[in-house]
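The structure appears below as structure tokens.
There are 2 protein chains.
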Amino acid sequence: MYDDLKTRAIDLGKTASASDIIYDALRDEIISGNLKAGESIRQEYIAKLFNVSRIPVREALKRLESQGLIKNVRYKGAIVSSLSKDEITEIFEIRLMLEPLVIKHAVDNMTQETLELAQDYCTEFSEETDSGKWGMQNRNFHETLYRDSKRPFHLKIIREISDRIDSYVRAQLVLTDGMSLARIEHNAILEACVARDAKRAAELTRSHIKGAYTTLMEIIDQPTAKLD
Amino acid sequence: MYDDLKTRAIDLGKTASASDIIYDALRDEIISGNLKAGESIRQEYIAKLFNVSRIPVREALKRLESQGLIKNVRYKGAIVSSLSKDEITEIFEIRLMLEPLVIKHAVDNMTQETLELAQDYCTEFSEETDSGKWGMQNRNFHETLYRDSKRPFHLKIIREISDRIDSYVRAQLVLTDGMSLARIEHNAILEACVARDAKRAAELTRSHIKGAYTTLMEIIDQPTAKLD
DNA sequence: ATATTGCATATTGGATCCAATTTACAATAT
DNA sequence: ATATTGTAAATTGGATCCAATATGCAATAT
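The listed protein sequences derive, respectively, from chains X and A. Using the numbering used here, the final residue of the first sequence is 228, and nothing's skipped along the way. Using the numbering used here, the final residue of the second sequence is 1228, and nothing's skipped along the way.
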């Protein structure tokens, strides 16, 4: 526990404020599943890790709370949030509305640079064998494809609700397969983008998300699921 | 400036933390337009108003920043955010997707109590003559209609982006008419809810939002607009 | 053995204090 | 009169310290 944090806690360069750096680090820990739902984050502990006082830690926690990733509880610390089945469904409902639309707009403005970056992330994802790293590479890939959409509010929403899903999935489940399907789908989406076929990219994104939802629900529903 | 804040700064009951109370108060000031885009909120000033140290003020500001309502700038204070025309369009794009859907679900679960509350807000809105209070009553009305939707993520998103719009509209514009139309539309939406006609409520909500967007854009586009 | 009580400890929310640096403004030079 | 420079004030980010209270555990009573 906290292993990744310990390695990250070294830098603290002056480019960003301490609370921003701590926010990023804690967010990564949560959405990567290293900090699981129900776990308690102690201010003092994080402060010591980063060699700072509790003040910037608290500000980072306030931000995470405002995003819904944790809930600050007095005397108990910051408790990592979980999700109910209904909430998962609701989030996918929103993603299905927003993401196909966003990629459609993005394709219309997509630069060569973005395409190349997406290709890199796509390849990385395909070649990765460590399942613990799939989540982040998946995020990198999709966020890259979306970034030229010129829809900052859409992107903020997508980022925040995807964080919640990732936190849930990475913490509760051990994804062992389904990745080969994701690879195929990613390649198809990327191809549609390269071909500037916005409508097709949107449609593929829709079915990609739908598939992810279906798979997730099947795993959760199984009594013998790989749940914690 | 800050007048409402001064009157609010009295209580500080122990039910909520100071930072939560200050968050609510500052949010109200911003979305009511009392604090306008570009204005600077000084930590020390707010702290003195509420008779607290700057610590809870800073936590409230962090939360507002995470919501996008302000931007904390060192040595300059918290600067109230503005919106570009594109951003306004984007926000209405999202509202048009989410709000009709939400009211549709809400109607299916709407309690008698909610209907009565909505009726009260609707009446209040209709009878209000102080244009400065229209914004809040409008929000109360719509949020009440949405609250039985069992879609907490939708509601959070709607609340946050509506805050941005309200902040912009209330700060930049003086709405003098168009309210009579809003009254009629509100009544129609409420009637559809009472009649449990979810589809109609959704459709009316859609055109209500569309109308608001069109009106807003017309005002902004006018060279002689009531812009600041 | 189990339940209860009391105290030490842990933990967070907030207050006060310090450091860094920008901003404002007056004094000075041109 | 205008531009430049230097210094004091303002302002935020962060550190340290204090208050309140919940929690954990040991001692005690039943």
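Using N, Cα and C, we set each Cβ at its ideal position, and we do this for glycine too. Computed from a predicted model, the values in this text were never measured in an experiment.
Cβ of residue i within 7 Å of Cβ of residue j?
i                       : j                       : result
residue 31 of chain X   : residue 166 of chain X  : yes
residue 1107 of chain A : residue 1198 of chain A : yes
residue 78 of chain X   : residue 171 of chain X  : no
residue 118 of chain X  : residue 69 of chain X   : no
residue 122 of chain X  : residue 186 of chain X  : yes
residue 1100 of chain A : residue 1200 of chain A : no
residue 1192 of chain A : residue 1204 of chain A : yes
residue 104 of chain X  : residue 188 of chain X  : no
residue 66 of chain X   : residue 1084 of chain A : no
residue 73 of chain X   : residue 39 of chain X   : no
residue 157 of chain X  : residue 1157 of chain A : yes
residue 1090 of chain A : residue 159 of chain X  : no
Rank the options by C-alpha distance to the C-alpha of residue i and give the top, closest one.
i                       : options                           : result
residue 114 of chain X  : X/87, X/196 and X/169             : X/196
residue 1132 of chain A : A/1123, A/1148, A/1154 and A/1173 : A/1173
residue 1154 of chain A : X/26, X/161 and X/151             : X/161
residue 50 of chain X   : X/81, X/193, X/135 and X/23       : X/23
residue 1232 of chain A : A/1220, A/1137, A/1084 and A/1055 : Lying outside 1001 to 1228, the shown extent of chain A, residue 1232 of chain A is not represented and no answer is given.
residue 1055 of chain A : A/1150, A/1018, A/1071 and A/1163 : A/1018
residue 1109 of chain A : A/1216, A/1146, A/1087 and A/1129 : A/1146
residue 1120 of chain A : A/1140, A/1035 and A/1221         : A/1140
residue 179 of chain X  : X/125, X/221 and X/164            : X/125
residue 116 of chain X  : X/20, X/217, X/82 and X/194       : X/194
residue 82 of chain X   : X/21, X/35 and X/135              : X/35
residue 92 of chain X   : X/27, X/219 and X/210             : X/210
residue 1221 of chain A : A/1130, A/1086, A/1135 and A/1111 : A/1086
Under a three-way DSSP split, which group does residue i fall into?
i                       : result
residue 289 of chain X  : Look at the range of chain X in this structure, 1 to 228, and you will see that residue 289 of chain X is not part of it.
residue 1032 of chain A : coil
residue 53 of chain X   : coil
residue 40 of chain X   : strand
residue 126 of chain X  : helix
residue 1071 of chain A : strand
residue 202 of chain X  : helix
residue 110 of chain X  : coil
residue 1027 of chain A : helix
residue 1082 of chain A : coil
residue 1172 of chain A : helix
residue 195 of chain X  : coil
residue 1016 of chain A : coil
residue 104 of chain X  : helix
residue 1095 of chain A : helix
residue 1222 of chain A : coil
residue 1151 of chain A : coil
With 16 other CB atoms within 10 Å as the buried threshold, where does residue i fall?
i                       : result
residue 33 of chain X   : buried
residue 181 of chain X  : exposed
residue 169 of chain X  : buried
residue 1127 of chain A : exposed
residue 214 of chain X  : exposed
residue 1148 of chain A : buried
residue 144 of chain X  : buried
residue 29 of chain X   : buried
residue 1016 of chain A : exposed
residue 978 of chain A  : Lying outside 1001 to 1228, the shown extent of chain A, residue 978 of chain A is not represented and no answer is given.
Problem set entry | Validate contact between the region 41–57 of chain X and the region 90–97 of chain X using beta carbons, cut 8 Å, 3 pairs | The answer is no - the region 90–97 of chain X does not touch the region 41–57 of chain X, with fewer than three Cβ pairs under 8 Å.
Exercise. Using 8 Å as the threshold, is the region 50–65 of chain X in touch with the region 1048–1061 of chain A, meaning 3 or more CB pairs across them?
Worked result: The region 50–65 of chain X is in contact with the region 1048–1061 of chain A.
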